[in-house]
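Protein chains in written order, with our numbering: chain A, 135 to 583; chain B, 135 to 583.
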């Protein structure tokens, strides 16, 4: 099957593990099946992220599935680091709602991946917490679209309670696959109960269709020739949802019921419900703790005593200690935190801020084997590298030299520099200057041997 | 007056702010009076430690008071850093109970400080949380001993409830100063109530006496000539409390009542009661938090939401999140944490561990102006210094050189090295080796210019 995973925004509601540059779908907190390959970082050994879990589940159900992730530029490095190079990525140049994102991904499948206009694709969020049966249902949905059952085939989740959080789909019959009668916006609980009594299903945000169908609608709404043209024009497009642009205008829609487990992990409360263990990382709890979950990304222990219904999360960005229910109100508090980014995954590896002073900053840089930083210089700071592990080569103002642990490289402001990792390579970088800023960076092309 | 402050053990019960090498009396969490001098570190600006608070209070009551601190070697640096050089320090070569400590401090006063045998001294714990009136009472106690009111003059705290945590003193009358009839060990609550009904007072652990009195008793129990001799023999002495060695054998004891505020800050629960503000450091709390206290020594924010009766404490050593009552059971959990020391105050400044890897460790070193490290070498590790702030001089294998921010010094194993700070000086030290250990250190004498 062809599947497009919509990998959305920054997810501040899971701070401090997610923030402006690190999204919730990349946090490694789910225990991997026993036969999986170990992970790289200390705390996450044996754990996988939402996106890794979903990708693994898709490949379990259909090892030939073609997976494309529709996302923003900021997530590309994390996706490659976590999923490798086999996954397709449709990069949105800027944030526009779900219709432009799905149109762009569909054009990408046709023009870049060579998927035929008569072939089906199923579009699904990247972060459902589900079992493999969900992706078996996704495959069935794809087959229904492929067979031309309807122009659009949706997934309807069997409701377990009258939720106010979801839209409802009312089918024309109680069959496993039925035509859709009508859609309902998020209701209050009493109305939700009426919908359920009338056979209503939760709208799971999953759409299956043939490429030609969405591309036709896209050409009606946008003046573009092909993927490349749409990519260039992306920032001129209106923010418009797929529901509003497509679903509301379509009469021929089918819905397939899904009655398995399905969770939406948007808040600490729902996320911790999905954790198989109460703690990830170095966490000690006394016997008086009840319903406490803790995730510790720091190198020092967390000790929790006598707490009830609390989530604790510590990362290089900060420390959250919250009553689980209260944690759903986190967003304005996180918005008010105006802080230096302390950890980031990059295309070439990752960095972590170790120390910040007025006229200096010390960071730890980890380069993945075979990768390198951009060749760059800074105008307003000097830098000192001390290699602490691994082997590689530095290029400093055009001069290439091998480096090993203990080697020190000093770079005055203006000096062009990069490091190329042969094995995984770690270094301590001390930045010195009165005006240290991420924007003080000039990139150069590099001709390597 | 002469006052000896007994500065005791490590106080693991206030982990992660106190640990094996950092004692609770040095944690800066009390808001200083408005006209005080600002402190050096970011989180503690405007805050003072228990020992600073007590020292300031003593000097407020009697600006000519001679203050001596009886303590172990491990606290000397912290005392000098926090109180400066005016305070006397009687260093216990090893831990022996209160009688050897008080005998040594008394010999120190006589033989080192030149205090006369007929002069009185008052001995008091370093960590009572009190107002100035307590030290006014201490001064009165000293005057009573000086006037020969009794061989021993104690402070009796007016009990506010039938506590099981304290010993009781039963006086012969209800006078402000009375002879002691009898002492009672820590009772159960019902017995405590009986003592209170009979006019009993809490034993505040404060003793005033003339130097000759304790030295005479010391010579009866220990074979020594003077302070220097006692210091050398200290490790051969039995562990014996002052109560057991002195108080129990003395008939002529007076007690003076004290009815002011008096708190013993041994646990997170009692410590947070004494905090004037609910948070120290970068802490954000939502309105749903009730009776929550947080102390944050880390450079990143803590966000607390919807918690009740909880203490949060984050330091380079770890993170505690505990129900306040439950926090009194912390000790076995902290004993089980076998961890690298992440922060330490030294005679010359402080260091903080920034990063630990298998074959390297990165630390940040802060030297106080005019101070230097020991001149030393390591056998099994190389080191790299990058100066990030301040001015000073390095001495590397005998060669002296000025250093400024951005200067890099590389030291192979075996190389003798030190750095002398002219201003406050900070550097990042990267240690490289397969067997990094604090015990890998050889010290040398240094002849500086």
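All residues carry an ideal CB built from backbone N, CA and C; glycine is no exception.
For residue 435 of chain A, at least one C-beta of chain B is nearer than 8 Å to its own C-beta. Residues of chain A with a Cβ closer than 8 Å to the Cβ of residue 422 of chain B are, in chain order, 457, 460. Nearest to residue 498 of chain A by alpha-carbon distance, out of A:506, A:476, A:512, A:481, is A:476. Considered as a whole, the segment 425-489 of chain B harbours 465-469 as its complete alpha helix (DSSP H) runs of no fewer than 4 residues, in chain order. Contact of residue 289 of chain B with chain A by beta-carbon distance below 8 Å is absent, the smallest such distance being about 34 Å. Around the beta carbon of residue 417 of chain A, 16 or more other beta carbons sit within 10 angstroms, so the residue counts as buried. The segment 438-446 of chain B and the segment 451-466 of chain A touch, with three or more beta-carbon pairs separated by less than 8 Å.
Straight through space, the alpha carbons of residue 575 of chain B and residue 547 of chain B are spaced by roughly 10 Å. When 7 Å is used as the limit between beta carbons, residue 448 of chain B is near these residues of chain A: 453, in chain order. Below the 9 Å Cβ cutoff, chain A contributes 494, 496, 518, 520, 542, 544, 562, 564, 566 as neighbours of residue 520 of chain B, in chain order. Looking at the DSSP output, residue 545 of chain A sits in a beta bridge with A:517. A Cβ-Cβ distance of about 22 Å is found for the pair residue 337 of chain A and residue 282 of chain A, leaving them out of contact under the 8 Å criterion.
Taking C-beta separations shorter than 6 Å and ignoring five residues to either side along the sequence, the partners of residue 346 of chain B in its chain run 251, following chain order.
As the crow flies, the alpha-carbon of residue 542 of chain A is around 46 Å from that of residue 461 of chain B. Look at the segment 275-321 of chain A and you find these whole runs of beta strand (DSSP E), each 3 residues long or longer: 286-291, 302-305, 311-318. The beta carbons of residue 510 of chain B and residue 538 of chain B sit about 23 Å from each other, so the pair does not count as a contact at 8 Å. Judged by beta-carbon spacing, residue 566 of chain A lies within the 8 Å limit of residue 515 of chain A, meaning their Cβ atoms are closer than that value. Counting only runs of 3 or more residues that sit fully inside the segment 194-272 of chain B, the beta strand (DSSP E) segments are 200-206, 222-226, 254-259, 262-264, in chain order. By alpha-carbon distance to residue 363 of chain A, the top candidate from A:226, A:187, A:198 is A:226.
Note on geometry: alpha-carbon atoms of residue 429 of chain B and residue 415 of chain B lie some 6 Å from one another. If you ignore the 5 residues before and after residue 434 of chain A, its C-beta comes within less than 8 Å of the C-beta of 416, all in its own chain and listed in chain order.
Cβ proximity to chain A below 8 Å picks out 464, 467, 468, 470, 471, 473 from the segment 464-475 of chain B. Taking 8 Å as the cut-off, the beta carbon of residue 181 of chain A is found no closer than this to the beta carbon of residue 160 of chain A. Look at residue 547 of chain B: its C-beta is not under 8 Å from any C-beta on chain A. Burial check for residue 563 of chain B: the Cβ neighbour count within 10 Å reaches 16 or more, so the residue is buried. Under DSSP, residue 536 of chain B takes part in a beta bridge, and its partners are B:527. Given a length threshold of 4 residues, each whole run of the alpha helix (DSSP H) inside the segment 335-372 of chain B is given here in chain order: 345-355, 361-367. Contact check for residue 206 of chain B against residue 229 of chain B passes: the beta carbons are separated by less than 8 Å. Across the segment 389-421 of chain B, CB contacts with chain A closer than 8 Å involve 418, 420, in sequence order along the chain. Excluding the 5 residues flanking it on each side, residue 234 of chain B has same chain C-beta neighbours closer than 6 Å at 371, in chain order. Neighbourhood of residue 555 of chain B in chain A, by CB distance below 7 Å: empty, with the nearest CB roughly 15 Å away.
Cβ neighbours of residue 577 of chain A within its own chain (closer than 8 Å, five residues either side excluded): 508, 509, 510. The DSSP-derived three-state label of residue 156 of chain A is coil. Relative to residue 353 of chain A, the option among A:284, A:262, A:340, A:367 whose CA is nearest is A:367. By the neighbour-count criterion, in which a residue is buried when 16 or more other Cβ atoms sit within 10 angstroms of its Cβ, residue 425 of chain B is exposed. Residue 280 of chain B sits buried, since 16 or more C-beta atoms from the chains shown fall within 10 Å of its C-beta.
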